[in-house]
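Be aware that the sequence shown starts at 0, since it is given in numbering that gives the first Met the number 0, and climbs by one per residue. For each residue, glycine too, the CB sits at the ideal point set by N, CA and C. In this text the structure is predicted, and so the values were computed from the model without any measurement. Inspection log for the structure reproduced underneath, given as structure tokens.
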Amino acid sequence: MKPLLRVFSVFQKELKSELRNRYSISAVVLFIITTITIILFATAAEDITPGMASGLIWIIMFFSAMTGLGRSFVSEEERGTSLYLKLSTTAGAIFFGKLLFNIVLSISLNTIAVILFFLLINSVILRVAETFVITHLLGSIGIAGASTIISAIIARANTKGALFPVLSFPIILPLLMFGIETTRFALDGTPFDSAINNFGMMFSYCGIIITLSYFLFDFVWKE
């Protein structure tokens, strides 16, 4: 039971820190509103096709993650609390605690983005809700998993802001490819069964990225 309590303690610390500072939430919500407003102006007289809409949704999700999830370990270095964290609990508890927080944050921010997208862009219609919801959840988990380990890798770098998206894009690209296609299925009315193979690929991606990140994290964190 103790490992779970350690994980929850790290998660609770991250949640309290975010609620106190509101850095990620404020920055990402502003980014989402700005992006959707630009899309509205750019497509005012045109209907957005399901293919275009799915691409736009995932662009928003990706860059929301780049704005909001990159500070998991960067903030520890900036505040000088990384040594205290190393001494107070295990590397596994730190990884899974921060991963859990990033998953919750990613799902929350992406949900806000999706709701605003559909509310403000009326020409886009969601036709297969269950396909979209599963894609949204798997995408958020996969992005959070990749972002957690990349944040740990760049925490001590001088150019953190530039490195995070540069390292993240090639790692998250396979997830983006399946996510965009499956989101298009949800928007153009493709039957749910047609998306099952893509769900399997996205689920496998999440499992692989989280497992590899866990084994790599101990080395990255100690260095």
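Could you pull the start and end residues of the alpha helix (DSSP H) that residue i belongs to?
i	result
T130	128-153
P2	1-20
N109	90-119
S203	195-221
I124	Note, I124: premise wrong, no alpha helix (DSSP H); not H, not E.
F191	Premise fails: F191 is in no alpha helix (DSSP H) and is neither H nor E.
F61	49-67
For residue i, does the three-state DSSP call read helix, strand or coil?
i	result
T80	coil
R183	helix
S74	helix
T33	helix
A161	helix
A41	helix
A26	helix
What's the C-alpha gap between residue i and residue j?
i	j	result
I102	F218	22 Å
F94	S139	17 Å
I106	A143	9 Å
L98	S193	30 Å
A128	L82	45 Å
I208	F131	22 Å
T89	N121	48 Å
Is the distance from the Cβ of residue i to the Cβ of residue j below 7 Å?
i	j	result
S53	V27	no
I133	F184	no
I47	A112	no
I35	L108	no
S150	F72	yes
I152	F163	no
Y213	L174	no
S16	L68	no
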